[in-house]
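Novice: After the structure tokens below, expect a handful of questions from me.
Protein chains in written order, with my numbering: chain A, 577 to 842; chain B, 577 to 842; chain C, 577 to 842; chain D, 577 to 842; chain E, 577 to 842; chain F, 577 to 842.
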């Protein structure tokens with residue numbers, strides 16, 4: 577079901593029995609070759625497909641199109657909420673869903689820059705609700721859920737999803753080819769490797785995090801190897817993302833609510 | 577043009593020459609007969625039509641689906657940001673557009689509860705930018721712009737647009753009939769008139785404002801006379817809304833930037 | 577009664593039986609000819625007169641002299657709280673009154689720039705109190721309450737109250753002539769009309785709101801036609817403002833508390 | 577001069593040459609015998625007298641009637657801003673004065689509960705302005721400025737000013753006897769001494785601060801020995817307060833702006 | 577006991593029976609001759625000594641090393657939280673202690689700049705807890721508690737403790753001589769006296785507070801007469817500080833919880 | 577060098593030439609067998625060892641003992657700042673260091689709950705400084721930096737570091753055996769696996785994050801297999817943590833500042 581199309585009595589009827597899925601996207605520059613809606617378009621397509629597959633299990637909320645993308649603001653077309661503000665937006669949208677009767681909520685994320693502010697929101701929500709309202713609220717970032725094919729398994733050639741890269745370019749070629757300017761695809765210049773920070777996707781996380789505005793790590797706003805993107809790869813990626821998401825949602829719906837374990841031991 | 581479909585270099589090329597239009601909507605209960613996306617659906621349709629009419633004049637941003645609807649939270653399906661938070665969201669989205677090069681920005685509003693927080697945002701933005709960046713940033717609420725037909729002129733029978741009323745029901749019957757449950761249309765109970773507060777639409781504003789959660793002024797979440805809505809009325813309303821918006825946008829694009837007038841007098 | 581002159585046991589005795597009236601004013605430039613206390617002086621005179629007429633019905637709180645006037649800060653003598661801060665001040669003052677036992681509260685406003693932040697405060701207070709404490713809290717802006725004479729009815733010559741205009745000049749000539757520098761009265765330069773924005777008072781609201789600092793819309797800080805102000809007009813305006821306010825207060829005192837209507841229908 | 581009565585060009589002319597005096601008061605319970613405006617009434621009388629004495633030296637701003645009195649909220653008639661909010665209000669009012677051209681600003685305080693939030697504001701303002709705008713901004717609490725007569729010197733009998741005490745009762749009997757209910761004067765019950773905390777005025781500060789809501793330290797809202805108040809004592813107190821304030825203001829007007837001393841040494 | 581060394585069941589066992597002592601320090605410049613940890617080092621030594629003397633009475637929390645020192649930020653090595661942020665930190669640390677079962681909490685302060693923000697925190701905590709949780713939460717600034725020897729009594733030569741002065745230099749020479757660069761001791765230049773503001777320690781508080789960044793009142797970051805510091809003086813100061821603190825803690829542990837006194841009178 | 581022991585001129589001399597290392601810890605329950613200072617004690621030992629190894633390369637700041645541990649607040653002894661507040665604390669401490677002249681800053685983290693709020697802080701700092709001040713500011717979480725031995729490589733038996741687990745117990749047995757109550761070591765009860773969420777350490781991250789207060793996922797506050805901890809394992813872990821940190825710091829000191837790459841391409 578799509579929340580958008582339901583009346584309030586309908587939502588009231590189904591809230592307690594279904595999983596609310598709230599897509600969290602971003603409108604931000606994606607290099608010279610991809611539309612600024614890339615993150616929003618992909619996560620929207622993914623969420624709609626999942627809803628089609630599990631129409632009675634989930635209530636699909638309208639996507640939040642704007643995410644936390646302040647690091648891209650030097651590039652036009654980026655519409656961003658600061659990290660702290662985005663955290664608060666997520667908190668209040670989840671509060672609304674809980675107030676409306678949902679106890680199982682999936683924040684379906686399609687933008688790397690959203691991960692930290694959403695986790696910050698989960699900490700706030702946990703402190704607010706755990707002691708009083710049983711609820712399972714999870715953050716799911718689609719490419720992390722989908723597994724190895726988003727981390728360099730064939731047919732992918734570059735080692736991991738980054739930004740406006742082989743992965744996202746492939747997904748857009750598969751889903752919305754009209755939003756890809758293939759002639760503009762260009763591998764960006766990026767800083768020399770220091771062995772710790774994965775400016776692009778070719779170095780693993782080694783326990784060191786550095787946060788820099790995009791113009792300091794990419795000459796054109798893209799990362800990775802967008803020139804290797806193809807629609808065929810995109811189909812494989814998307815199908816796997818859909819399958820892993822549907823699999824997760826089916827299981828998540830059955831997760832029990834957690835109990836206070838202190839009574840059982842001390 | 578639609579910002580969603582543009583790359584960042586394209587946005588950079590057009591930002592200074594066009595009007596950015598940012599639709600501000602709401603996801604909230606609309607009585608037992610209308611979908612919770614009513615406000616979002618209407619303003620989205622309106623914005624898309626305007627963009628089709630003036631493709632080279634405006635850059636249509638993705639709509640912000642969630643608005644300030646805390647007064648409706650007692651009804652499921654409402655997804656709301658508090659007034660103060662929504663104000664901050666509007667401020668940061670406009671900051672993003674200005675950072676991206678836009679100097680003419682229209683906040684196209686489709687929800688009454690958004691008006692105050694958006695005006696609060698305009699005051700903040702004025703204080704922040706007026707002294708340094710010339711920009712024309714306006715709030716346009718579509719039914720206020722469209723004039724008499726939204727205020728009781730025939731064929732409309734009730735005196736003014738309120739909420740889930742004759743007007744909105746008509747618009748939805750015209751635009752998205754599948755989202756209207758005609759069999760559920762029911763005039764709500766509301767408080768007795770006190771001569772000052774327009775609980776519904778049948779009393780004019782008399783200089784007194786009172787703010788109450790919806791459950792205190794409507795028994796089912798709707799206001800006005802939804803039973804009088806028809807698709808024919810909806811077409812008239814929508815066409816007039818489109819026409820007045822397009823007229824405004826064409827003129828707004830030509831408004832000059834204002835100058836500090838103190839130099840001219842004292 | 578005046579709260580200022582009461583002891584706490586006296587306030588405790590009367591709070592539940594009376595209407596608290598809290599005047600909200602502003603200290604801000606009013607052109608070259610009016611004192612910066614114009615808004616505060618007028619609303620104070622009005623509130624005192626109402627208290628004299630209805631001594632047993634209302635408890636008059638001390639006026640909050642400072643309002644939200646950041647748009648006037650380029651002119652000396654303006655003492656302003658930002659819109660967001662003024663909202664919070666209104667929220668806490670109303671919280672104090674409710675804590676003290678008042679259930680009927682009138683925010684008597686005398687400054688246009690306060691309207692939006694007060695409405696923002698009402699939304700916050702509604703969310704905070706509606707579900708638990710029955711209370712009627714209203715915003716009354718005196719010139720909107722007083723009706724046609726404040727909107728161009730004879731003897732007034734200009735179509736509406738704006739700022740340091742025919743209306744306010746007349747009121748000050750009637751109430752505090754020593755605070756009017758008649759020799760300094762001068763119609764300001766303002767931007768050319770664009771048909772939508774009422775830079776002064778001579779164009780009606782057409783659904784478009786734009787917020788600019790005063791120096792961009794007035795060369796000397798005044799608006800409208802202050803040169804047309806007279807003490808005689810001021811008396812007519814003030815008497816009507818008093819009458820309409822007293823009429824309202826008498827009725828407001830009898831308004832019932834609203835009830836949750838959901839029980840009655842679904 | 578009184579800012580209230582000046583036009584903006586007048587303020588502009590005098591701001592740089594005068595001292596702005598902003599009285600900061602409180603509306604809060606003052607026991608069963610004093611009006612809730614006690615703090616506001618006293619500081620207002622004091623400020624007006626100083627302005628009368630030094631008409632060309634100071635610009636007297638309208639008093640901020642509401643202070644930080646949350647500890648008194650259990651007693652009706654208290655209208656309070658929380659400490660953090662009051663701090664922000666002071667910050668923005670001072671910002672307004674600086675923006676208007678004042679460089680010498682006196683925050684004339686009449687309420688003990690305001691001292692901490694005003695000092696917090698001074699720290700914020702120092703961080704904001706010191707490096708860029710030369711200004712002398714001071715907090716003056718009138719009874720601390722006035723010296724020994726406010727600390728137990730004859731004719732006063734109790735050792736120090738506290739709240740609704742011998743001192744404030746005396747001042748009110750002198751200035752506004754109609755606001756004193758002599759028949760209600762009653763020494764309150766208070767906690768037993770622990771040797772460190774001056775519940776009332778009879779123990780000196782010993783380096784330990786504890787903050788409790790008034791109802792835990794006074795049975796009727798007053799402190800000290802209000803029954804010892806007389807109008808004669810009030811006159812002595814008030815005259816000394818006026819004299820010390822005028823003396824200070826005359827000197828303060830001549831204080832030089834401070835300079836960065838680092839250049840002179842290292 | 578030291579909280580640092582306890583397990584959570586141990587803290588749970590002792591929280592209700594002991595006094596929690598939380599040292600609040602600062603890391604900030606202390607002139608050319610003292611280490612930036614001076615405030616932290618002194619208060620840490622003091623707290624440890626008290627814990628050694630009263631091992632079963634108190635639970636010593638780890639010191640908060642960073643305080644509110646924005647006025648010193650022009651000097652390297654200062655690590656500061658703004659006044660408003662430090663207030664919030666104190667609030668949440670006390671909330672944690674109360675949540676953990678402590679009802680007697682001493683905020684042992686070692687930095688003058690912390691006093692105002694801590695008092696601001698106490699006001700917030702009082703408003704939050706007084707009505708529901710009985711607790712005694714006090715601010716103790718060690719040199720104010722210790723009495724005359726910190727205010728000019730022999731052997732001290734300068735009249736009061738200020739900053740990086742005779743007193744702090746003496747304490748450091750006694751406690752951590754290796755952190756004193758005796759050859760760098762130099763009396764700073766400071767502004768000329770105006771008779772009201774104690775730039776250093778040689779003028780008493782006269783009811784006027786002014787807050788300026790350190791570089792405007794000291795040429796090298798120190799105040800007072802550090803050249804008069806000796807280890808012998810330091811021993812006397814420290815011993816007295818320890819004695820007065822232990823005396824206070826022993827008594828504080830026995831203070832009863834306060835009761836609402838309104839029931840007893842009106 | 578240790579900042580604590582330096583004077584401000586010394587810090588000024590070395591800030592631009594060295595790496596500032598700021599340890600970020602936590603005071604929170606660590607099961608029935610470990611002291612609440614476990615995270616603080618470990619990261620402090622690590623930082624001191626690194627400073628001893630690289631005395632001329634780094635300036636070691638005093639550790640911030642308190643972290644973001646609200647999820648542990650149901651267990652006494654936890655002293656926590658909320659996630660949003662801890663973010664702000666990190667922001668201001670880094671601002672202080674930058675103001676003091678440091679351009680290379682390492683946030684050395686020893687608590688899992690700090691990771692999200694520190695990343696949130698990095699995003700804020702990037703937005704604030706990137707365009708104006710070249711600086712490299714990194715988050716280093718010691719066990720993520722140290723590599724495989726902290727992820728199940730022999731001699732470790734459980735697959736990953738969690739909380740009060742084999743890893744932390746081993747480190748404490750090596751570093752501070754007096755703070756380990758071996759007789760209290762007990763494997764906690766935890767929820768049944770759902771295949772996605774690593775309640776303890778025995779399931780890998782699969783793209784789904786859920787945040788729950790500790791009492792819902794552990795019956796005694798510990799996680800993993802603390803009973804497998806030994807001092808010998810602790811030595812291996814600690815030595816590797818020190819080695820990897822020193823290696824990183826040596827390289828980090830040489831990292832160049834990043835440049836805006838846009839100039840090079842478009």
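Each residue gets a CB set at the ideal place from its N, CA and C atoms; glycine is no exception. On a predicted model such as this, the values are computed, not experimentally measured, just so you know.
Spell out whether any CB of chain A is found under 8 Å from the CB atom of residue 815 (chain F).
Specialist: No, residue 815 (chain F) does not count as interfacial toward chain A.
Novice: Applying the 10 Å Cβ sphere with the 16-neighbour rule, what's the burial state of residue 730 (chain E)?
Specialist: Taking all protein chains shown into account, residue 730 (chain E) has fewer than 16 neighbouring C-beta atoms within 10 Å of its C-beta and is therefore exposed.
Novice: How about residue 621 (chain D): is its C-beta nearer than 8 Å to some C-beta of chain E?
Specialist: no
Novice: Using a C-beta to C-beta distance shorter than 9 Å, which residues of chain D count as neighbours of residue 743 (chain E)?
Specialist: The premise fails here: residue 743 (chain E) is roughly 15 Å from chain D at the closest Cβ pair, so nothing lies under 9 Å.
Novice: Measuring only the C-alpha atoms, how far is residue 808 (chain B) from residue 728 (chain B)?
Specialist: 15 Å
Novice: So does the segment 819-832 of chain E actually touch the segment 640-647 of chain E, counting three or more Cβ pairs closer than 8 Å?
Specialist: no
Novice: Is the CB of residue 784 (chain F) under 8 Å away from at least one CB in chain A?
Specialist: yes
Novice: Have a look at D:803, D:830 and D:793 and flag the residue whose alpha-carbon is nearest the alpha-carbon of residue 836 (chain E).
Specialist: D:793
Novice: Contact check, residue 804 (chain F) vs residue 734 (chain F) under 8 Å by CB: the rounded distance?
Specialist: 6 Å
Novice: Determine whether the Cβ of residue 822 (chain D) lies closer than 8 Å to any Cβ atom of chain C.
Specialist: no
Novice: For chain D, is any of its Cβ atoms less than 8 Å away from the one on residue 579 (chain C)?
Specialist: yes
Novice: Would you mind giving the Cβ-Cβ distance between residue 672 (chain E) and residue 649 (chain F), rounded to the nearest angstrom? I have them listed as a contact below 8 Å.
Specialist: 6 Å
Novice: Leaving out five residues before and five after residue 635 (chain D) in sequence, what residues of the same chain have Cβ atoms less than 8 Å from its Cβ?
Specialist: 577, 578, 579, 582, 587, 590, 591, 594, 595, 596, 597 and 678
Novice: Kindly say whether residue 819 (chain C), judged by its beta-carbon, lies nearer than 8 Å to any beta-carbon of chain B.
Specialist: no
Novice: Quick one: residues in its chain with C-beta nearer than 7 Å to the C-beta of residue 710 (chain A), no 5 flanking neighbours on either side, listed in chain order?
Specialist: 679 and 833
Novice: I want to see whether chain E comes within less than 8 Å of residue 700 (chain D), judged by CB atoms only; does it?
Specialist: Judged by the 8 Å Cβ criterion, residue 700 (chain D) is in contact with chain E.
Novice: Which partner residues does residue 634 (chain D) have in the DSSP bridge list?
Specialist: D:595
Novice: Tell me the DSSP secondary structure of residue 912 (chain F) in three-state form.
Specialist: Because residue 912 (chain F) is not part of the residues shown, which for chain F are 577 to 842, the question remains open.
Novice: When DSSP builds the beta bridges, which residues end up paired with residue 847 (chain F)?
Specialist: Nothing about residue 847 (chain F) can be reported from this structure: the residues present for chain F run from 577 to 842 only.
Novice: Consult DSSP for residue 643 (chain A) and reduce its assignment to one of helix, strand or coil.
Specialist: strand
Novice: Report the CB separation of residue 750 (chain C) from residue 662 (chain C) in whole angstroms; it is logged as a contact under 8 Å.
Specialist: The pair is not a contact, with the Cβ atoms about 28 Å apart (cut-off 8 Å).
Novice: Taking Cβ to Cβ, would you say residue 698 (chain A) is nearer than 8 Å to residue 626 (chain F)?
Specialist: Going by C-beta atoms, residue 698 (chain A) is not nearer than 8 Å to residue 626 (chain F).
Novice: Just curious, the alpha helix (DSSP H) that residue 667 (chain C) is in, first and last residue?
Specialist: Residue 667 (chain C) -> alpha helix (DSSP H) spans 659-675.
Novice: Please say whether residue 766 (chain A) and residue 776 (chain A) have beta carbons closer to each other than 8 Å?
Specialist: Against a cut-off of 8 Å, the Cβ pair of residue 766 (chain A) and residue 776 (chain A) comes out as a contact.
Novice: Listed from N- to C-terminal order along the chain, which residues in the segment 588-615 of chain E have their beta-carbon within a distance smaller than 7 Å of any beta-carbon of chain F?
Specialist: Identification of residues in the segment 588-615 of chain E having a C-beta nearer than 7 Å to some C-beta of chain F yields 588, 591, 603, 605, 608, 609, 610, 611, 612 and 613, given in sequence order.
Novice: So, with DSSP's three-state summary, where would you put residue 625 (chain C)?
Specialist: helix
Novice: Could you spell out where the alpha helix (DSSP H) holding residue 810 (chain F) opens and where it closes?
Specialist: 807-828
Novice: Within 8 Å (strictly less), CB to CB, does residue 842 (chain A) reach chain F?
Specialist: Because the pLDDT of residue 842 (chain A) is 45, which lies under 50, any placement of that residue in the model is unreliable, and the question is left without a value.
Novice: Of all the CB atoms in chain D, is at least one closer than 8 Å to the CB of residue 770 (chain E)?
Specialist: yes
Novice: Under a CB-based cut-off of 8 Å, is residue 740 (chain B) close to chain C?
Specialist: no
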